[in-house]
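In this text, residue positions in the sequence shown follow the UniProt record's numbering: the first is 1, and each later residue adds one. Don't be surprised by glycine CBs; every beta carbon is placed ideally from N, CA and C. See structure below.
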Amino acid sequence: MTLQQNLDRARGIKFPTNAVIDGKLVPARSGKTFDNVGPRDGKIVSKVAACEAGDIDTAVNAARAAFEDGRWRNKHPREKKKIMFKLAELMERDLEELAFLETLDMGKPIRDTLSVDIPTAINSIRWYAEALDKVYGEVATTPSDRLSYIVREPLGVVGAIVPWNFPLHMACWKVAPALATGNSIVLKPAEQSPSTALKLGALALEAGVPSGVLNVVPGYGDTAGQALARHMDVDLIAFTGSGEVGRKLMTYAGESNLKRVALELGGKSPQIVFADAEDLDAAADAAAWGIFFNQGEICNAASRLLVEASIKDEFLDRVLKRAKQYTPGDPLDPASVAGALVSEGQMKRVLGYIDTARKEGANLALGGKRVREESGGFYVEPTVFHRMDNTHTLAREEVFGPVLGVLAFTNEDDAVRIANDTVYGLASGLWTANISRAHRVARKLRTGLVWINGWDACDITVPFGGAKQSGFGRDRSLHALEKYTELKGISVTYKP
Ligand code: NAP
Ligand code: MG
């Protein structure tokens with residue numbers, strides 16, 4: 001694969017633009033579209049159906065009808081599994097096309113969409129397909145004249161609202177367990193990255209997921225998203241995105257039908273490097289990768305690097321060397337390890353945080369500027385600040401871009417105190433060769449995930465989600481199934 005070959009291939013990519021509602025690919029009822037801008041060069045790549053409240057209503061009604069007549073829920077588990085496996089197979093067939101759509105939609109490097117984003121999404125579909133007939137109910141301890149059993153039943157209609165940073169991957173974290181448990185779904189992708197979700201909806205139909213079971217409605221957050229979250233016949237909103245929108249979703253739920261809300265929000269995740277770490281090179285690799293992978297547009301980005309004061313300067317040098325490797329290039333170039341930020345707005349937001357960090361007196365050690373401006377795209381170079389403390393805006397707010405803040409600490413208690421001094425609690429990491437310290441600190445960190453001597457050691461088998469203002473409810477693993485099901489206790493009384 002060369003850049004030229006990829007440019008040629010990209011020209012042949014056909015962008016899906018219609019919503020998927022009740023088994024049909026349809027434009028918005030109003031006929032309106034919105035511009036899907038490609039951050040690679042700032043040009044419009046497609047015009048996508050701008051769904052509004054009426055379209056959402058049609059999609060929710062279709063989802064409800066499908067749920068009520070049991071066309072999916074009541075299928076034999078083996079049949080459901082076969083269809084979900086077929087979906088995974090079709091995604092694999094179209095892997096390259098999905099990867100190009102993702103790269104052109106949101107600017108991440110093609111090498112990542114081909115090897116990480118799309119394969120991970122496929123794995124989610126397959127993993128929940130495999131799991132769906134391996135989860136058992138319970139029998140309670142009862143007096144001898146009674147049998148009480150506890151089953152998990154699907155909720156009904158699930159509204160999934162997903163972000164643009166890992167568009168298909170995040171969609172599949174919701175869609176796969178929701179489908180596996182027998183729900184119907186209305187999926188709203190982010191306006192910046194609707195294409196792969198629309199393609200997923202079409203592939204699900206091709207695989208044999210019955211019409212109405214998986215609907216995909218592109219549109220703006222405050223119209224389509226809000227209509228979905230306020231709908232009286234939606235049972236759950238499963239969300240990944242910002243805390244600001246997460247708060248609104250809880251309000252909408254409270255003001256409508258008290259639907260359940262599950263929130264996977266952002267973070268300000270600390271990675272702690274103790275002077276006694278066994279492999280400081282591996283720690284430096286992780287420090288750079290943890291914040292610069294995916295242009296830093298990751299909810300669990302390692303955006304605060306906490307380094308023991310005695311090794312700070314020397315360790316920072318190692319990180320800076322590695323950071324330079326993430327200088328952005330054309331996302332279609334197979335050699336690029338970093339690409340464009342998702343939008344002009346996001347780029348400005350990131351540059352704004354860089355400006356604030358400078359004004360608040362943090363020292364710029366690397367980067368700090370927009371690059372590749374001549375491309376028309378939205379690129380920011382890897383940026384590192386140090387000589388700052390945890391009160392700086394850069395240490396407190398989620399930037400969602402390639403900007404690292406380096407903080408020094410004096411001892412273990414100091415490290416734990418700084419790490420926990422945040423409203424967020426998604427992920428944290430620590431590097432040490434001292435096994436007692438590793439376990440001790442891991443238990444003290446108030447985050448949903450802790451990685452010891454590694455970063456983002458993620459797998460579908462381990463639940464993902466946060467503490468504190470990073471949200472509640474878990475994606476991945478069998479625990480995700482809890483979110484899409486309701487417990488029902490059934491008791492039979494009989495003559496002993
Ligand atoms: P966002 O506004 O939270 O968007 C996430 C999803 O929510 C999108 O599908 C969005 O739709 C939708 N949405 C927006 N307003 C809504 C509303 N009133 N009701 C229902 N749905 C609504 O995130 P963003 O604006 O794209 O990014 C802003 C910041 O959020 C980022 O800089 C970052 O800090 C954070 N973020 C976090 C994550 C994460 O994984 N935790 C992911 C993305 C962003 P539209 O896009 O169509 O408006
Ligand atoms: Mg886009």
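Taking a C-beta distance under 8 Å as the contact criterion, Leu104 and Leu155 do not qualify as a contact pair. With the criterion CB distance below 5 Å from any heavy atom of ligand 2, the matching residues run Asn36, Asp105 and Gln192 along the chain. In this structure, Leu179 is the residue among Ile161, Leu179, Thr142 and Gly219 with its C-alpha nearest to the C-alpha of Pro77. Straight through space, the alpha carbons of Ser310 and Arg440 are spaced by roughly 21 Å. Just measuring C-alpha positions, the residue of Glu138, Asp57 and Ile185 sitting nearest Tyr484 is Ile185.
The beta carbon of Leu316 sits closer than 8 Å to the beta carbons of Val307, Ala365, Val384, His386 and Val406 from its chain, once the five residues preceding and following it are set aside; these are given in chain order. At least one heavy atom of ligand 1 lies closer than 7 Å to the C-beta of Tyr220. Relative to ligand 1, the beta carbon of Trp164 is positioned inside 7 Å of a heavy atom. Here Trp455 carries a coil assignment [DSSP, helix/strand/coil]. Between the segment 426–434 and the segment 260–271, the count of C-beta pairs closer than 8 Å reaches three or more; the two stretches touch. In the DSSP annotation of this structure, Glu92 is not part of any beta strand (DSSP E); the continuous alpha helix (DSSP H) holding it starts and ends at Pro77 to Arg93. Rounded to the nearest whole angstrom, the C-alpha separation of Ser242 and Gln469 is 10 Å.
Excluding five sequence positions before and after Gly23, the CB atoms of its chain that fall closer than 7 Å to its own CB belong to Leu205, Ser211 and Gly212, given in chain order. Under DSSP, Ala408 takes part in a beta bridge, and its partners are Val307.
Of the other Cβ atoms in all chains shown, 16 or more fall within 10 Å of the Cβ of Val416; this residue is therefore buried. Contact between the segment 169–176 and the segment 37–46 is absent, with fewer than three C-beta pairs closer than 8 Å.
Judged by DSSP in its simplified three-state form, Trp127 adopts helix.
Going by DSSP, Val186 is part of the beta strand (DSSP E) stretching over Ser184 to Lys188. Looking only at Leu214, Lys14 and Ala467, the smallest Cα-Cα distance to Arg71 is reached by Leu214. At a Cβ-Cβ threshold of 8 Å, Tyr353 and Val337 do not count as neighbours. Per DSSP, Ser195 is one residue of the alpha helix (DSSP H) stretching across Ser195 to Ala207.
By the C-beta density criterion, Gly448 is buried, having at least 16 other C-beta atoms within 10 angstroms. In this structure, Glu52 has its CB at a distance of at least 7 Å from all heavy atoms of ligand 1. When DSSP states are grouped into helix, strand and coil, His231 belongs to the coil group. Under the Cβ criterion (8 Å, minimum of three pairs), the segment 185–202 counts as touching the segment 6–17. Residues of the same chain with a CB within less than 8 Å of the CB of Leu132, apart from the 5 flanking positions on each side, are Pro77, Lys80, Lys81, Met84, Ala180 and Thr181 in chain order. When DSSP states are grouped into helix, strand and coil, Ile13 belongs to the coil group. Looking at the DSSP output, Tyr149 shares a beta bridge with Val139 and Ile490.
Ranked by Cα distance from Val37, the options Val450, Pro496 and Gly376 are led by Gly376. Counted as a single uninterrupted DSSP element, the beta strand (DSSP E) harbouring Pro270 occupies residues Pro270 to Val273.
Counting C-beta pairs closer than 8 Å gives fewer than three between the segment 112–122 and the segment 55–75, which falls short of the contact rule.
Under the DSSP definition of a beta bridge, Ala238 partners with Ala160 and Ala262. The shortest C-alpha to C-alpha distance from Pro39 to any of Tyr149, Met347 and Ala229 is the one to Met347.
Within 10 angstroms of the beta-carbon of Tyr424 lie 16 or more other beta-carbons, which makes it buried. With a cut-off of 7 Å, the C-beta of Lys188 is classified as near ligand 1, since at least one heavy atom of the ligand falls inside that distance.
No residue range can be given for Ala467, since it is assigned to no beta strand (DSSP E) and is classified by DSSP as neither H nor E.
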